[in-house]
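For the first sequence, our numbering gives the first residue as -15, with consecutive numbering after it.
Where is the CB? At the ideal position from N, CA and C, for every residue including glycine.
Everything numeric in this text was worked out from a predicted model, so none of it was measured.
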Amino acid sequence: MKYDAIKSLLSTDKIGSTVTICGWVRTFRNDTFLAVNDGSTIKNIQLVIDREEVSEEIRKKLTTGASICATGELIESKGSGQATEVKVATLELLGEANPDEFPIQMKRHSLDFLREKAHLRFRTSTFSAVFRIRHGMTFAIHKYFNDNGFYNLHTPIITGSDAEGAGEMFRVTTLDIDNPPRTEDGKVDEKEDFFGKISNLTVSGQLEAELGAMALGKVYTFGPTFRAENSNTSRHLAEFWMIEPEVAFNDLVDNMDLAEDFLRYLVKYALDNFADDLAFLDEREAKENQSKPANERPELGLLDKLKFVADNDFERITYTEAIRVLLNSKPYKKKKFKFPIEWGIDLQSEHERFLVEKHFKKPVIITDYPAGIKAFYMRANEDGKTVAAMDILVPGIGEIIGGSQREERLDELVEKCKAFNIPEEHIWWYLDLRKFGTAKHAGFGLGFERLVMFVTGMGNIRDVIPFPRTPQNAEF
RNA sequence: UCCCCUGUAGCUCAGUUGGUUAGAGCAUCUGACUGUUAAUCAGAGGGUCGCUGGUUCAAGUCCAGCCGGGGGAGCCA
């Protein structure tokens, strides 16, 4: 049915016109004032009900969560809390929400509690704001790439490639697991499976994206990825969405320039288009921080943090410099770090957090990591020790982007495969790219949910995806 | 997978060195009020204290095991 989005009515230019509101009741005060939200904005509209017009039977059922549709005149509000309100002429109760059973009441609920009510948490201000912004980020990502000459590439979700090396994979099979077909020597006969071989859910579209980039020039993927790691943290999901641009003829510096421009564009987009939702989340975060001890509070609130990122260049340092900074740091000298620091180790969370939150106080791009701690496809540097890799770290989240210039030299890549125990016949097609018209190219992966965490200030990744998939949990 | 914390009303939490009938705020219900802003005021209902076992005259409180939730670490995005 046709109805007026609340978002379109909150400005006063439609005063005097008859409007139709459909939405869900937030509160009903004084048996007269009905706050209704329809999801078009974080703001509610106030419906004013004449008790002569709407029966007591209906009024009793206007409880939090009930759905209604009403028509009436849009008028200037006599109250001070809002500019406009609707003088109700007709009101239809569409669906009741029994207050004894409906779990979302007008009070502060913990995020833990709402996580267990994921089917209803959209009805809260916090989650509706988060998911509006999540949509906005999806749209802005496609817009950025489209405006900059990239082509969106759909890489496979089910993959027969087992060389991606990004983590444990989910097996995909149509075999009867209680009674699988077996070969003569008693092993499960993989040839009988749907694809005639072992297949899995993808952990990354990067290798396929490289194939696209080496013909279309600039491509990006934006799709679901799956990791069967037993990770129990507030920053990991078993099913998450990833953006992976890949650009032909780009080197590591081009790659960093792209990643930084891209991230800052997205933050600006959120500030420009989701001001109401961000203002609400900013206040929410501020209230939450009040209960924290002073030394755990971030120096900048959400909005200030986003503005700072939008307006300032990221810090760029090499891994080797980062190690030097850490070795000269106060916490290192006072032995506050739990993990040792020496050239060659992978940076721990505590080290990354120090660099980003205490030392530079801004997003940091770390480049040129030791070859031994990075993936096989990253391009070997001239020093023979490091590779052309880059990670972008942001305050509060840690690593949000990981990328590299890819190894385009066939001989070097074949050597790397040997060193990493990857049989050439498994990635013959990836090696073919270096045999025929090879060229330097680079790309990165951005974890979409980590981006949404950063932009919304939410502290747990399970609160920025509608239905999170984590170990031991696939509810809904 | 490892370490730490935690489980008391629908929700958020308090509950002393073990001691009478387990409390508060919000939510709900009843009534009052009627231009309210998470309205207010008065009253009421609501509990197998996660589960199982143990110590004790006595366990929400102490001990053990199990189950659930959270935080941190590793792996990474």
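Euclidean distance between Cα positions of residue i and residue j
i    : j    : result
E283 : E299 : 18 Å
L415 : E230 : 17 Å
L255 : K291 : 8 Å
Y253 : I117 : 10 Å
A222 : S112 : 23 Å
A124 : N457 : 30 Å
F360 : K402 : 10 Å
W8   : I26  : 12 Å
R434 : I141 : 21 Å
R99  : F86  : 15 Å
E80  : S39  : 15 Å
G0   : G56  : 10 Å
F179 : Q190 : 22 Å
R390 : F438 : 27 Å
D330 : L287 : 32 Å
V448 : E409 : 40 Å
E326 : K175 : 48 Å
R92  : A102 : 16 Å
N184 : V203 : 24 Å
I5   : V340 : 47 Å
G368 : T217 : 35 Å
G285 : A263 : 11 Å
L46  : N82  : 10 Å
W413 : E336 : 36 Å
Nearest residue (CA-CA) to residue i, options the options
i      : options                 : result
H126   : F432, I26, E194         : F432
F134   : L242, G285, Y253, A458  : L242
N21    : V3, T48, I33            : T48
I376   : E272, Y353, K369        : Y353
G201   : A458, A193, E383        : A193
P347   : W327, D295, I307, K317  : D295
F210   : V203, F224, N216        : F224
I182   : H103, L159, I301        : L159
V70    : R35, S64, E60           : E60
N14    : K44, T25, L331, A102    : K44
A(-11) : S1, F129, F17, S24      : S24
N136   : E334, A372, K345, L195  : L195
K358   : K(-2), E409, F404       : F404
G63    : F460, F17, T370         : F17
M226   : A263, M198, S188, R219  : S188
F246   : R219, G427, E336, I325  : G427
I384   : I445, N234, L95         : I445
T205   : T139, L(-6), A232, N184 : T139
A533   : Y316, L236, R337, N273  : Residue 533 lies beyond the residue range present for the chain, which begins at -15 and ends at 460; the question has no answer from this structure.
N239   : N184, M374, S94, P83    : M374
F129   : M(-15), Y249, M198      : Y249
V398   : I411, E244, G386        : I411
E272   : M362, S94, V371         : S94
A306   : F338, F115, D297, K318  : F338
E244   : D34, V293, N234         : V293
Contact belief for residue i with residue j at Cβ below 8 Å, rounded distance in angstroms
i    : j    : result
T110 : R268 : 6 Å
L541 : V3   : Any property of residue 541 remains undetermined from this structure, which presents the chain solely from -15 to 460.
E396 : K424 : That pair is no contact at about 12 Å.
A50  : L77  : 6 Å
G429 : E228 : 5 Å
K289 : P379 : 7 Å
Cβ neighbours of residue i in the same chain (closer than 6 Å, five flanking residues each side left out)
i    : result
N214 : P455
Y303 : I350, D352, Y353
Q66  : Q30
F258 : I117, G120
G441 : L265, E269, L286
7 Å CB neighbourhood of residue i in its chain, flanking five on each side removed
i    : result
R453 : L221, A222, E223
Q332 : F323
K400 : F360, E391
D173 : P165, R166, T167
F106 : S112, F115
Close beta carbons around residue i, own chain, < 8 Å, minus the five adjacent residues each side
i     : result
H343  : V309, S313
L394  : L415, R418, K419, T422
I499  : Look at the range of the chain in this structure, -15 to 460, and you will see that residue 499 is not part of it.
T(-4) : E60, A67, T68
Y316  : L310, I325
query: Could you give the uninterrupted runs of the alpha helix (DSSP H) lying entirely in the stretch 182 to 219, keeping only those of 4 residues or more?
result: Listed in chain order, the alpha helix (DSSP H) runs fully inside the stretch 182 to 219 are 190 to 200, counting runs of at least 4 residues.
query: In chain order, which continuous runs of the alpha helix (DSSP H) of length 4 or greater are located wholly inside the stretch 37 to 76?
result: 40 to 44
- prompt: Residue ranges of each alpha helix (DSSP H) run of no fewer than 4 residues wholly in the stretch 245 to 323, ordered along the chain?
  reply: 259 to 274, 286 to 295, 303 to 311, 314 to 317
- prompt: Which ranges does the beta strand (DSSP E) cover as unbroken runs of at least 3 residues, wholly within the stretch 323 to 389, from first to last along the chain?
  reply: Listed in chain order, they are 348 to 351, 373 to 378, 382 to 389.
message: Runs of 3 residues minimum, wholly inside the stretch 398 to 445: which ones carry the beta strand (DSSP E) assignment?
response: 425 to 431
message: Which runs of the alpha helix (DSSP H) at least 4 residues long sit entirely within the stretch 88 to 143? Give them in chain order.
response: For the stretch 88 to 143, whole alpha helix (DSSP H) runs of length 4 or above, ordered along the chain, are 95 to 100, 109 to 131.
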